[in-house]
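There are 2 protein chains.
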Amino acid sequence: MSLKKAFFLTLTMMSSISNAQKVHNPAQYVHPIIGTEKMGHTYPGATVPFGAVQLSPETDTLSYEINGKYNPNVYKYCAGYRYEDKTIVGFSHTHFSGTGHSDLGDFLVMPTVGKLQMNPGTAEHPETGFRSRFSHDQETAEAGYYKVKLTDHDILAELTATPRVGIHQYTFPKSDDAHIILDLMYGIYNYEDKNVWTYVRVVNDHLITGFRQTNGWARTRTVYFAMEFSKPFKSYGNKDFDGKQPYRGFWRKWNMNENFPELAGKKIRMHFDFETQDQEKIMVKMAISPVSQANALENLNTEAPEWNFAKYRNQAQEEWNRELGKIDIETNSQDDLVNFYTSMYHTFINPTVYMDTNGEYKGLDQNIHKAEGFTHYTTFSLWDTYRALHPFFNIIQPTRNNDMVKSMMAHYDQFSLKMLPVWSHYGNENWCMSGYHSVSVLADAIIKGNYTGDPEAALNACIATSEKRNYEGIGDYTDRGYIPAEKNGTSVSNTLEYAYDDWAIAQIAKKLGKTDVYNKYIKRSGNWRNVFDPSIGFMRPKLEDGSFKKDFDLQSTHGQGFIEGNSWNYSFFVPQNPKALIEAMGGNKKFSSKLDELFSMHLPDAFFADTEDITREGIIGGYVHGNEPAHHIAYLYNFAGQPWKTQKMVRHILKMQYQARPDGLGGNDDCGQMSAWYIFSSLGFYPVAPGSDEYSIGSPAVRKAVLHLENGKTFTINTVNQNDKNIYVEKADLNGKPLKNYSLKHQEIMNGGTLTFYMSAQPKK
Amino acid sequence: MSLKKAFFLTLTMMSSISNAQKVHNPAQYVHPIIGTEKMGHTYPGATVPFGAVQLSPETDTLSYEINGKYNPNVYKYCAGYRYEDKTIVGFSHTHFSGTGHSDLGDFLVMPTVGKLQMNPGTAEHPETGFRSRFSHDQETAEAGYYKVKLTDHDILAELTATPRVGIHQYTFPKSDDAHIILDLMYGIYNYEDKNVWTYVRVVNDHLITGFRQTNGWARTRTVYFAMEFSKPFKSYGNKDFDGKQPYRGFWRKWNMNENFPELAGKKIRMHFDFETQDQEKIMVKMAISPVSQANALENLNTEAPEWNFAKYRNQAQEEWNRELGKIDIETNSQDDLVNFYTSMYHTFINPTVYMDTNGEYKGLDQNIHKAEGFTHYTTFSLWDTYRALHPFFNIIQPTRNNDMVKSMMAHYDQFSLKMLPVWSHYGNENWCMSGYHSVSVLADAIIKGNYTGDPEAALNACIATSEKRNYEGIGDYTDRGYIPAEKNGTSVSNTLEYAYDDWAIAQIAKKLGKTDVYNKYIKRSGNWRNVFDPSIGFMRPKLEDGSFKKDFDLQSTHGQGFIEGNSWNYSFFVPQNPKALIEAMGGNKKFSSKLDELFSMHLPDAFFADTEDITREGIIGGYVHGNEPAHHIAYLYNFAGQPWKTQKMVRHILKMQYQARPDGLGGNDDCGQMSAWYIFSSLGFYPVAPGSDEYSIGSPAVRKAVLHLENGKTFTINTVNQNDKNIYVEKADLNGKPLKNYSLKHQEIMNGGTLTFYMSAQPKK
């Protein structure tokens with residue numbers, strides 16, 4: 006990080022507090038800019054907790070393809086904004102936070118002055134289009150608020166949001182020729198045919214409505230909008246960039262490019278024209294809906310009826326304070342405060358509310374449903390988030406997590422395939438990544454007593470999902486206990502993940518007293534053994550004939566049966582039974598040595614070319630924290646009798662992988678999973694096997710944390726002798742009694758109480 | 006017509022009756038096959054009166070373009086079926102009746118046996134695809150019922166319908182390899198990008214739902230469906246013909262081609278597989294909705310819950326008898342019976358019901374609306390149908406016509422452009438043809454006391470529509486009283502039609518006592534004078550500088566300022582004031598001679614190449630009956646003191662232009678306008694100027710007609726000495742008193758009573 010960046014980050018903090026004080030305004034420590042450089046894939050714009058609108062700047066308009074071939078640069082733009090870019094093309098209303106594949110970017114809005122430009126222009130020559138240069142010196146990103154000076158147009162752009170409405174405030178210079186561009190072509194991960202259809206109607210001189218339908222990561226997705234201007238536009242127009250328009254001869258009776266209120270096509274950009282006085286503010290409110298223009302309008306009028314930017318900004322920031330205030334912390338450093346609350350901010354972005362103010366949403370069946378008695382959510386990046394994000398929610402957001410499980414059950418009910426979500430957003434399944442980890446989220450919520458729906462129906466949904474023989478090797482897995490390498494490119498990952506998921510299903514069955522189901526799935530949960538090669542002590546692709554794949558590289562991912570993790574990382578993936586894994590690997594000592602080797606090995610450069618989503622900074626030795634499969638590994642020392650190594654590594658990872666800088670995240674934040682790891686680990690414990698009610702103890706990084714639980718109770722984490730050197734836990738007391746086995750029960754947290762860590766610079770061997 | 010055809014038509018009549026008898030089963034005289042050859046553009050399939058479903062065979066799958074250029078052959082397939090074709094590709098559920106441009110063709114279904122074919126194959130080699138040969142000998146088309154033997158597959162296909170459900174019954178041979186194809190790519194006037202998106206979900210082994218979204222004549226149109234099979238399919242699959250499928254990598258985890266229940270794309274065909282016993286019947290019910298899959302399912306379950314083909318067939322035919330029975334007739338010949346009831350059948354097809362059983366429909370604003378207190382209709386081919394179809398409805402279908410006007414007002418209210426429909430279907434305006442003839446339909450309904458909505462709102466909608474300065478020369482028309490030829494390719498037609506429409510607006514204003522509005526519009530109604538060139542006695546394009554276009558051809562249409570009619574035909578288009586036109590043309594004698602010349606001139610072959618929608622059979626001299634602008638002309642002799650010539654020409658046109666043969670219509674039936682002309686003229690009167698309450702007397706072709714009016718009264722047309730030679734009206738008595746001025750008032754019909762024509766072989770000069 007340059008000194009300049011560090012200086013900037015410090016400057017943007019609204020006040021300096023004594024570390025030992027209770028945090029009254031935690032939102033001030035949120036720096037949405039963290040993760041916007043390199044691999045974090047976060048966005049700096051404005052959103053409210055779990056809001057449906059994520060209003061954020063875009064710094065380029067890359068296509069998914071160039072001349073029909075995948076454009077590798079598009080990957081960097083998963084969140085639309087790159088910190089290293091010099092220009093902004095506009096502000097769009099929907100973004101994923103931290104993903105490694107992408108979609109969305111609906112309804113790009115850009116204010117300009119001067120000659121009307123209907124193309125964005127290039128980053129090298131922004132004057133060739135409507136885009137503008139900007140500088141980080143004139144940019145502020147806060148929880149719920151974003152501000153930037155668009156220098157080419159001398160316009161100050163400010164953004165805030167309500168759950169379903171993006172609110173823009175543009176301060177213009179004096180101009181006879183001011184414009185607000187609405188780009189309906191723009192999209193994230195855009196390709197030639199991604200825009201399936203767009204429709205716009207100009208209702209009057211300050212209101213337009215319409216929709217945009219895309220075929221992207223979400224295969225069949227329509228977002229409706231209602232867009233209102235605080236000042237009537239004096240004129241408007243559009244350009245349809247789709248050359249091919251056969252069969253519309255009769256529309257040519259009109260001049261449809263100027264002041265024409267009824268537009269439809271695939272590639273439309275609109276402009277709205279104004280005369281402005283110097284420093285005149287024009288506000289734009291853009292409400293979205295997954296259901297209809299009428300609902301978008303209702304969302305607009307329900308959530309943001311006024312023309313009062315400050316009010317909505319304050320409202321958004323109060324909401325962030327309310328949510329972030331569920332944990333008060335004291336830390337060793339200002340940076341730790343920033344990292345903690347920024348992580349917490351990142352965990353409270355996805356999943357997002359997916360229903361209108363009237364409760365309606367479009368389901369997996371493309372029908373309109375109404376969420377009765379719960380809030381319906383979307384954006385389930387489950388391969389990532391089952392690990393720590395949903396467990397974190399079970400502690401700090403139990404009502405929302407319960408509703409998220411209900412949303413997943415609604416997905417199951419509505420889907421003709423009768424499967425729980427794998428990776429779903431906007432009423433679509435996109436099938437990204439491996440496993441059927443919904444079952445882990447369901448199990449975790451049910452085991453922890455946090456699901457108010459019908460647990461039998463949930464179990465049935467888990468079973469049905471796990472029995473989809475045609476999906477990703479499940480048939481072979483069911484028949485043989487493993488997926489033959491010939492049949493599936495990620496045969497080992499899948500086998501390991503299914504085995505863990507099956508254990509999660511077994512936990513639900515046990516809780517419901519379904520012994521047969523329990524027995525069946527607990528047996529399946531041992532399937533990891535089938536891809537474990539005892540002769541080398543690693544997980545390894547197995548062929549149809551039962552022999553292990555000959556040509557095998559422990560450090561490669563692709564072509565070796567793994568996804569986002571090599572055998573070195575995946576070989577430790579038996580979270581459901583670490584003891585058995587340790588035994589298989591030759592006992593505590595050998596196992597610990599192997600972990601030591603993982604954390605200390607030197608990797609060749611070739612490795613990085615071959616591994617997705619991470620940078621060299623996302624790696625410690627051969628341990629890949631930037632991807633998720635290894636997230637529990639540091640805690641496995643606990644199971645091998647060397648808890649001090651867990652403590653050391655956790656503190657090391659916290660320091661190395663999370664830094665209060667734009668490039669401070671070592672990998673994709675993945676809808677908050679990376680951040681949830683940070684929070685758990687900072688607090689001193691981690692859910693190694695979601696679906697169990699136990700947490701494994703690490704080493705707290707906070708000095709103190711007070712968790713204000715929804716049940717009204719308070720769980721306090723205290724430390725004694727805490728500092729950056731005293732990273733080892735001498736002992737830990739729960740309510741004054743020693744904690745056993747480096748393990749904490751969920752109920753012990755939810756009962757309220759105090760967990761006190763006595764810290765030391767010496768490992769307690 | 007070949008003898009064979011004549012024989013076939015006679016055979017299909019279900020019984021022979023004495024011409025003098027009351028008709029108890031008028032549907033037996035309906036021959037939907039009439040108009041399916043040459044220019045009629047009717048379809049032979051099954052529909053109920055004004056039904057939303059028109060289930061009919063398609064005989065080819067032509068593309069709108071070939072190598073990016075318009076394919077002129079596609080025009081012939083406006084209704085999907087050509088009598089001269091030898092093969093059928095399947096049966097689709099939506100069709101226009103008689104149009105000269107097209108759209109629709111949703112959800113093509115085709116039963117097959119033998120090797121699965123996913124392409125239709127060619128007409129020359131039907132064995133290369135799923136299509137089949139058929140023969141008219143094994144084909145029956147009745148009102149509400151269609152039957153054909155698909156000889157290549159040895160399958161008997163039978164079709165019937167409820168308002169919103171197409172009902173298929175396929176009688177299979179014994180086969181292990183029977184299929185029902187669902188082609189979601191097929192469409193009428195199909196071009197490369199017409200299919201915007203399709204979506205299908207297989208709900209269970211006998212029910213699928215989904216939608217098809219198109220960008221065609223209707224720019225933004227989605228039809229949802231629910232399709233149910235009487236027998237569970239043993240397997241199913243699909244082929245997606247869209248080569249380009251970027252960005253869907255994760256879906257490749259599945260084999261989506263076989264038994265995969267969740268499909269989406271642009272070019273999908275599906276197959277459903279069965280084992281059949283010999284003569285086993287499999288039924289298919291396909292419900293459609295403009296709103297949602299859920300509504301389609303509700304339509305299915307509300308209208309057609311049973312598996313009883315005979316019941317729905319009987320129901321459809323009873324409904325036709327009920328509607329056709331509103332007029333009982335006696336005729337001179339069997340052919341006249343067939344022509345009359347087939348014409349009546351064709352008038353009762355369009356407009357079509359456009360709302361679900363729960364009243365919901367998608368409006369012009371792409372929002373979902375509910376029709377409260379009226380039936381919502383679509384398919385308004387108003388340039389055609391304002392002339393005689395809607396006037397006919399004001400007599401015989403007043404409730405429906407009132408609802409149609411309400412539907413047009415809903416269109417106005419929902420449309421961002423605030424215009425009444427020009428040519429609209431499925432919640433879309435397509436802007437086809439000239440004028441703003443909605444105002445005529447509104448005026449006719451209001452003047453005749455048949456509109457129960459707010460007439461002031463209706464007048465305001467008319468005014469707003471007539472003031473759209475940017476539409477088709479209205480600005481110039483308003484400022485100058487005519488449209489300069491430089492500005493608009495159809496400047497004369499438009500000027501003439503606007504002038505008539507303005508007269509219609511004036512009639513509403515007069516009725517509402519709005520003197521200012523009346524004065525303004527009655528003045529505009531004289532604008533026809535501005536394009537009348539007294540030096541030649543014809544309508545003629547006028548230039549911006551006020552001079553008439555020099556290079557001018559009375560017989561050309563294109564490039565001469567006209568549309569679907571040359572100056573010879575359009576010069577008589579002053580229906581609002583024939584007397585003034587006669588005066589301008591030099592008085593009764595000169596005017597009559599000019600009419601004589603029109604009806605007797607010889608046209609060069611080049612004329613036919615230049616004139617749309619008609620064949621040589623659609624022309625009498627230079628009078629083009631096959632297009633609409635001349636439809637009132639035969640009645641103009643009445644206004645020039647030579648009513649016997651009206652009588653003679655009307656009878657001549659009735660004979661020449663309407664024949665009980667597949668090729669018996671002289672031009673496009675145009676959603677019933679040609680047929681409505683037939684009915685009025687057969688009954689002995691015609692609405693020369695809709696919006697007036699007067700009908701002009703012609704010469705009845707029926708012997709007797711009894712109109713059973715909705716108000717419970719009966720209006721009887723009697724003739725004395727009626728036969729094919731006695732074509733002249735000696736005198737006409739209304740309720741025993743002589744009719745004056747060859748004119749009949751609307752109220753005189755609605756009061757009930759008897760109009761007696763005394764016929765003679767001698768003109769009464």
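Heads up: the protein sequence lines correspond to chains A and B, in order. Quick note on numbering: the first sequence equals residues 6 to 770 in the working numbering. Quick note on numbering: the second sequence equals residues 6 to 770 in the working numbering. Think of the CB as a built atom: it goes at the ideal place given N, C-alpha and C, for glycine as much as any other residue.
{"Query": "I'd like the ranges of any beta strand (DSSP E) spanning at least 3 consecutive residues and lying wholly in the region 455-514 of chain A.", "Result": "none"}
{"Query": "Starting from residue 186(A), trace the beta strand (DSSP E) in both directions and tell me its first and last residue.", "Result": "180-188"}
{"Query": "Between residue 370(B) and residue 268(A), what straight-line distance do the alpha-carbon atoms span, to the nearest angstrom?", "Result": "11 angstroms"}
{"Query": "Am I right that residue 355(A) and residue 101(A) are in contact with their C-beta atoms under 8 angstroms? What's the rounded C-beta distance?", "Result": "7 angstroms"}
{"Query": "Under a Cβ-count criterion, where at least 16 other Cβ atoms within 10 Å of its own Cβ denotes burial, should residue 195(B) be classed as buried or exposed?", "Result": "buried"}
{"Query": "If you measure from the beta carbon of residue 234(B) to each beta carbon in chain A, is any gap under 8 angstroms?", "Result": "no"}
{"Query": "For the beta strand (DSSP E) that contains residue 578(A), what are its first and last residues?", "Result": "Neither: residue 578(A) is in no beta strand (DSSP E) and is coded neither H nor E."}
{"Query": "Just verifying my parser: in three-state terms, what is the DSSP assignment at residue 395(B)?", "Result": "helix"}
{"Query": "Apart from the five residues on each side of it in sequence, which residues of its chain come closer than 6 angstroms, Cβ to Cβ, to residue 342(B)?", "Result": "34, 336"}
{"Query": "Around the Cβ of residue 130(A), are there at least 16 other Cβ atoms within 10 angstroms (buried) or fewer (exposed)?", "Result": "exposed"}
{"Query": "Beta-carbon of residue 370(B) versus every beta-carbon of chain A: anything under 8 angstroms?", "Result": "yes"}
{"Query": "Since residue 288(A) is in the alpha helix (DSSP H), which residue starts that stretch and which ends it?", "Result": "Here residue 288(A) belongs to no alpha helix (DSSP H); instead the beta strand (DSSP E) covers 285-294."}
{"Query": "Kindly list, in the order they appear in chain B, the residues whose Cβ is closer than 8 angstroms to that of residue 258(A).", "Result": "436, 476, 477"}
{"Query": "Determine the chain B residues that contact residue 297(A) at a beta-carbon separation under 8 angstroms, and present them in chain order.", "Result": "372, 373"}
{"Query": "For the alpha helix (DSSP H) containing residue 682(B), name the first residue and the last one.", "Result": "678-688"}
{"Query": "For residue 264(B), which option in 669(B), 314(B), 206(B) has the closest C-alpha, if you only look at C-alpha atoms?", "Result": "206(B)"}
{"Query": "Would you kindly report the start and end of the unbroken alpha helix (DSSP H) that includes residue 202(B)?", "Result": "Looking at the DSSP string, residue 202(B) is not in any alpha helix (DSSP H); the run it does join, the beta strand (DSSP E), is 200-209."}
{"Query": "Let me know the secondary structure DSSP gives residue 242(A) once reduced to three states.", "Result": "strand"}
{"Query": "Give me, in chain order, the residues of the same chain whose beta-carbon lies closer than 7 angstroms to that of residue 367(A); leave out the 5 immediate sequence neighbours on both sides.", "Result": "295, 296, 373, 432"}
{"Query": "Among 209(B), 570(B), 231(B), which has the Cα closest to the Cα of residue 239(B)?", "Result": "209(B)"}
{"Query": "Residues in its own chain within less than 8 angstroms of residue 324(B) by CB, not counting five upstream and five downstream?", "Result": "53, 54, 149"}
{"Query": "Short of 6 angstroms in beta carbon distance, which residues of its chain neighbour residue 671(A), apart from the five on each side in sequence? Order them along the chain.", "Result": "622, 623, 630, 631, 662"}
{"Query": "Can you give me, in chain order, the residues of the region 264-277 of chain A that have a beta carbon less than 9 angstroms from any beta carbon in chain B?", "Result": "264, 265, 266, 267, 269, 270, 271"}
{"Query": "In chain order, which beta strand (DSSP E) runs of at least 3 residues are fully inside the region 32-90 of chain A?", "Result": "61-63"}
{"Query": "Might you give, ordered along the chain, the residues of its own chain that have their beta carbon closer than 8 angstroms to the beta carbon of residue 653(B), omitting 5 neighbours on each side?", "Result": "704, 732, 733, 768"}
{"Query": "Could you check where the beta strand (DSSP E) with residue 165(B) kicks off and where it finishes?", "Result": "160-166"}
{"Query": "Let me see if you follow: with CB-CB separation under 8 angstroms, is residue 26(A) close to chain B or not?", "Result": "With a pLDDT of 39 at residue 26(A), under the threshold of 50, the modelled position of this residue cannot be trusted; read the value that follows with caution. Residue 26(A) does not count as touching chain B."}
{"Query": "Does any CB atom of chain B fall closer than 8 angstroms to the CB of residue 204(A)?", "Result": "yes"}
{"Query": "Quick check on the DSSP output: the alpha helix (DSSP H) that includes residue 602(A) runs from which residue to which?", "Result": "593-605"}
{"Query": "DSSP on residue 25(A), reduced to helix/strand/coil?", "Result": "Note that residue 25(A) scores 40 on pLDDT, short of 50, meaning its location in the model is unreliable and no value can be drawn from it."}
{"Query": "In whole angstroms, give me the CA-to-CA distance for residue 110(A) and residue 418(A).", "Result": "28 angstroms"}
{"Query": "Taking the Cβ atom as the reference point for each residue, do residue 439(B) and residue 426(B) lie within a distance shorter than 8 angstroms?", "Result": "no"}
{"Query": "Using the Cβ count rule (16 or more neighbours within 10 Å means buried), how would you classify residue 243(A)?", "Result": "buried"}
{"Query": "Below 6 angstroms CB to CB, which residues in the same chain sit around residue 686(A) once its five sequence neighbours on both sides are set aside?", "Result": "655, 659, 703"}
{"Query": "Name, going along the chain, the residues of the region 222-233 of chain B whose beta-carbon falls closer than 8 angstroms to a beta-carbon of chain A.", "Result": "222, 224, 225"}
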